[in-house]
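First residue of the sequence shown? That's 2 in this note's numbering, and the numbers climb one at a time after it. Presented below is the structure to which this report refers.
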Amino acid sequence: MRRASDVFGNLRSVSESTGSWPVGQPNPTWGSEYRTRYSYDVAGRLLTVQDHASNQTTLTYDLLGRKTQMVDPDMGTWQYRYDAAGNLVKQRDARNQAICFYYDGHNRLVGKTYHAGISNLGTLTCSGTYAVGFSYDSTANGNLGKGRRTGMSDTSGSASWLYDARGRTTQETKVVNGTGGGTFVTRWDYDSADRLTWQKYPGGNAGQVGEQVMFTYNTQGLLRQVQSNGSTYYVGETLYNALGQTTQRWLGSTTGVVQQLYTYTAAENFRLVTLKTGNASPYTNLQNISYTYDDVGNVLTITDAAAYGGSQTQTFAYDALHRLSTAQASGATGYGGYSQKNYGYNAIGNLTAFESATQNQYYQDEAHKHAVTHIGGTASGNRKYWYDANGNATRRISSTQDVTLSYDAENRLTAMSGGVTSSYVYDGDGARVKETAGGATTVYIGNTFEWTGSTATMKKYYYAGAVRVAMRTGVSPGTVNYLLGDHLGSQALTLTSAGARLNTNTELRYMPYGAARYTAQTTPTTFNFTGQRKDSGSGLLFYNARWYDPVVGRFLAADTIIPQPGNPQSLNRYTYAANNSLGAVDRTGHWPEWVNNAFGYTMGAVSQYLNNVSLGAFAALAVHGDLSLIENESYQQGRELGRW
């Protein structure tokens, strides 16, 4: 990758190589160039970004330097207006859907209204009852909420928060309207170092508080144990190395119904090299996975010697831009093994060849240059996709389904109909709180609690930091299962409370971009590839901001955020994990996080390579489409990861 800047330090061009990076070689072989160009006005504001195929994003500003319009090759034309204090007060998208934003005297967002059929923001008068409302400063019932957001109301229901003297959230009360809803209360407590010491889960949908889970820490301040008030140890002990990386974890008791062992080596820059799980020494009867890497951290091989049906080894190769180019799984024939799969990309990062010499992916929508439109040569028949003006997929056809997808004013998927029938409800922060599919309704309280209509079927999930380690179905004692993942956090094995494989062989294995390659038995959770929830009817994966289709390795909506505008690969708003699905995850649906240790998401070597030039905060903000994400108080307070 070659970069050129002007005398003011503004990035003017980036040239990418189409060559290869042979294993063991320190540098790639330089091939043809793909060049991306950037232009600025006299004030240094980014005006245009033009890719190698001459697709151009154009930005317009007012006299105060605030972005007033963006014309994008995927998202169309968006407009923005501000008040005298610089607050965003109006936003119109390419579908002529407008959002008005309202603020209090402290410039805090207090409400939003939605308006359809707005072709120009100059004609819009903001008024009406708030569709989403935010309140602040409540001190009722002893709440120390002065200066903090304490309430939210929206079409899904409402939420309120209590705080302690240090500003830490101590209680959330979530009210979900409609069928299957109710009132759900979660509580937290902390120590003097602001570490979570316990969490109380909802006990049902009538405002009752249920199980209390306690967290203890070692002398270095790292998480040691996770224990239920019913005495069950979800995590009985955790050990770490000098770098703070997990080396051992006991599940189920202080001696370990199941033990997990992680090793790292200096030769691999302290990346994860083995992951072992078992019931007795040497702890390899459940998982015995080893990893190798190239010099910049791309995963080269994954070997699971304990895989059900026999040992399997996956082998991978990459192009000079660290994009996956080939994959193959050998061993254990009939248990998810696969012959060599090839992946190819065009000049603007579109995935044109996907896992088969005959599966070509085409991009023929002139209004959405990076959106896949159809696939030829798939074994299950051709697939086709259609999009709205904002770049959201509105129709998805396969050999077995013709699905229509519907979206709300904030570009969130609200319904699927056709081959599947489902609907989704979101709160004012954009979190999915309810799903109805196949006549069954599920309420989601974050990633920790699911309500499906009764205390006998409700589900709770337990975590060791960011790692999901166990779940319980029903009221204690209920049914406890331990959940084992891979280096990406993908759900792999489900165990009984005794540490045995559920139903003897319950296991999930995935193709590199997330499609299932081996599924045995029924798992009790919908958490799937990279730890995201899978929709059983459509096979799509929910990545919070957007939905992802693992069959084509692409998101089904344009990303409203460009995380690395100085990296041309980041300009493709439909790309999953920078086309490096073995080395990164995209939990938010907005940007890849590079995996550099045992289920740890860090800025690894590959990410540093891709992001070693920044356009600066101003230019980064300029290329974002949905500025409401920045205005939303919840994102400013850090309630959701991955927001700018």
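Quick reminder that beta carbons are idealized off the backbone N, C-alpha and C, glycines included. Just so it is clear, the structure is predicted and the values come from calculations on it, not from any experiment.
Between which two residues does the beta strand (DSSP E) carrying residue i extend?
i           : result
residue 336 : Run containing residue 336: none; DSSP gives neither H nor E here.
residue 450 : 450 to 452
residue 259 : 259 to 265
residue 426 : 423 to 427
residue 472 : 468 to 474
residue 40  : 34 to 41
residue 436 : 433 to 438
residue 284 : Run containing residue 284: none; DSSP gives neither H nor E here.
residue 47  : 47 to 51
residue 160 : 158 to 164
residue 592 : Run containing residue 592: none; DSSP gives neither H nor E here.
residue 403 : 403 to 408
residue 250 : 247 to 253
residue 492 : 492 to 496
residue 482 : 480 to 486
On the premise that residue j lies in contact with residue i, defined as a C-beta separation below 8 Å, what is that separation, rounded to the nearest angstrom?
i           : j           : result
residue 580 : residue 240 : In fact, because the Cβ distance is near 36 Å, the residues do not count as touching under 8 Å.
residue 489 : residue 596 : 6 Å
residue 457 : residue 475 : 5 Å
residue 275 : residue 264 : 5 Å
residue 375 : residue 386 : 7 Å
residue 67  : residue 83  : 5 Å
residue 335 : residue 310 : 7 Å
residue 587 : residue 392 : Actually they do not touch by this definition, with Cβ atoms about 17 Å apart.
Where does residue i sit, in a helix, a strand or coil, going by DSSP?
i           : result
residue 179 : coil
residue 321 : coil
residue 571 : helix
residue 644 : A caution first: residue 644 carries a pLDDT of 23, below 50, which makes its placement in the model unreliable, though a value can still be read off. DSSP places residue 644 in coil when its eight states are reduced to three.
residue 532 : helix
residue 238 : strand
residue 601 : Low confidence applies to residue 601: its pLDDT is 45, below 50, so where it sits in the model is not reliable, and the reading given next is rough at best. Residue 601: strand per DSSP, three-state reduction.
residue 501 : coil
residue 361 : strand
residue 613 : Its pLDDT being 32, under 50, residue 613 is placed unreliably by the model, and nothing is read from it.
residue 580 : helix
residue 328 : strand
residue 516 : coil
residue 356 : coil
residue 457 : coil
residue 308 : coil
residue 16  : strand
residue 268 : helix
residue 608 : Low local confidence applies: a pLDDT of 34 at residue 608 is under 50, so the model's placement there is unreliable, and no value is given.
residue 291 : strand
residue 510 : strand
residue 302 : strand
residue 367 : coil
residue 419 : coil
residue 447 : coil
residue 276 : strand
residue 349 : coil
residue 550 : strand
residue 463 : strand
residue 540 : coil
residue 372 : coil
residue 7   : coil
residue 621 : Any reading at residue 621 needs caution, since the residue's pLDDT is 47, under 50, leaving its predicted position unreliable; the model's value is listed next. Helix at residue 621.
residue 399 : coil
residue 565 : coil
residue 523 : coil
residue 380 : With a pLDDT of 46 at residue 380, under the threshold of 50, the modelled position of that residue is not reliable, and the figure given next carries that caveat. Three-state DSSP puts residue 380 in coil, outside helix and strand.
Beta strand (DSSP E) runs wholly inside the stretch 65 to 153, at least 3 long, in chain order:
68 to 73, 77 to 83, 89 to 93, 99 to 104, 110 to 116 and 133 to 137
Tell me, please, whether the stretch 446 to 462 touches the stretch 252 to 271 by the rule of three or more beta-carbon pairs shorter than 8 Å.
no
Contact between the stretch 154 to 163 and the stretch 424 to 431: three or more CB pairs below 8 Å?
yes
Go through the stretch 173 to 230 residue by residue and report every complete run of the beta strand (DSSP E) that reaches 3 residues or more, in order.
183 to 191, 197 to 203, 210 to 218 and 224 to 229
Between the stretch 107 to 121 and the stretch 130 to 150, can you find at least three pairs of beta-carbon atoms closer than 8 Å?
yes
Do the stretch 172 to 191 and the stretch 203 to 213 make contact, defined as three or more Cβ pairs closer than 8 Å?
yes
Decide yes or no for the touch test of the stretch 320 to 331 against the stretch 342 to 349: beta carbon pairs closer than 8 Å, at least 3 of them.
yes
Does the stretch 535 to 552 come within contact of the stretch 468 to 482, defined as at least 3 CB pairs closer than 8 Å?
no
Taking 8 Å as the threshold, find out whether the stretch 43 to 56 comes into contact with the stretch 562 to 580 through three or more Cβ pairs.
yes
Three Cβ pairs or more, each shorter than 8 Å: is that satisfied between the stretch 362 to 380 and the stretch 521 to 539?
no
Per the contact definition of three or more C-beta pairs closer than 8 Å, is the stretch 89 to 106 in contact with the stretch 569 to 579?
no
Cβ contact check for the stretch 313 to 321 and the stretch 282 to 290: 3 or more pairs under 8 Å:
no
Between the stretch 513 to 520 and the stretch 547 to 555, are three or more C-beta pairs nearer than 8 Å?
yes
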